[in-house]
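Here the numbering used here is used: the first residue of the sequence shown is 12, the next is one more, and so on.
Even glycine gets a Cβ: it sits at the ideal position worked out from N, Cα and C.
If you're wondering where the values come from, they're calculated on a predicted model, not measured in any experiment.
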Amino acid sequence: MAALRIEPADDTPLVIMDKEKEVFEISGKSMPEDVVGFYQPVFDWIDAYKKDPLEKTVLVFKLIYFNTASSKVFLDLLMKFESIIEKGFEVEVKWHSLNNDEDMQDAGEEYEEMTGLKFEYLTFER
């Protein structure tokens, strides 16, 4: 399956979905003007990946900021990964937030509650 890589811009994150290298990452800032249009290729990639996932998928979120529209999209993306667990595979989310960014930490905890996915919380510095 071909990897998906979307390079970051001022208002969009780096997105890497690469089954062969076992890299699944969204990092940077997410505030695209057309959030649905930006993330549609990611949804399409995940839908294809769900048909034949790895035994264990580690999804990395390393965000500095995301807007409300992105928040909804992230929940939808996480729900797609939740469906992989229902098939008997393992999914882990590594949720990175800047040191002392309690809002980003809280967002991860809310996603964990809403999805039932297993989260690991990490911090980083710019």
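If residue i sits next to residue j, beta carbons under 8 Å apart, how far is it from one beta carbon to the other, in whole angstroms?
i: residue 131; j: residue 103; result: 6 Å
i: residue 122; j: residue 89; result: 6 Å
i: residue 15; j: residue 46; result: Rounded, the Cβ-Cβ distance is 17 Å, inconsistent with contact.
Go through its chain and collect everything with a Cβ distance to residue i's Cβ below 8 Å, but skip five positions before and after it.
i: residue 57; result: 28, 88, 91, 92
i: residue 35; result: 27, 28, 29, 68, 69, 70, 71
Taking the alpha helix (DSSP H) that residue i falls in, what are its first and last residues?
i: residue 93; result: 79-97
i: residue 100; result: Unbroken run through residue 100: none, as it is neither H nor E.
i: residue 55; result: 46-60
Would you mind reading off the limits of the beta strand (DSSP E) that contains residue i?
i: residue 127; result: Looking at the DSSP string, residue 127 is not in any beta strand (DSSP E), and its letter there is neither H nor E.
i: residue 40; result: 34-41
i: residue 6; result: Because the chain here runs from 12 to 137, residue 6 falls outside it and cannot be looked at.
i: residue 15; result: 15-17
Quick one: what's got a C-beta closer than 6 Å to residue i's C-beta in the same chain, skipping five residues either side?
i: residue 106; result: 72, 119, 130, 132
i: residue 25; result: 19, 38, 39
i: residue 17; result: 26
i: residue 135; result: 107
Among the candidates the options, whose CA atom is the shortest distance from the CA of residue i?
i: residue 37; options: 59, 81, 96; result: 81
i: residue 115; options: 95, 97, 49, 40; result: 40
i: residue 60; options: 96, 134, 137; result: 96
i: residue 55; options: 13, 31, 117; result: 13
i: residue 43; options: 78, 74, 137, 33; result: 78
i: residue 85; options: 113, 49, 112, 101; result: 49
Could you name the residues of the same chain whose beta carbon sits closer than 7 Å to that of residue i, not counting the 5 residues immediately before and after it, in chain order?
i: residue 6; result: It is not possible to answer for residue 6, since the shown part of the chain is limited to 12 through 137.
i: residue 94; result: 61
Touch check for the region 112-130 and the region 61-68: three-plus C-beta pairs under 8 Å? no
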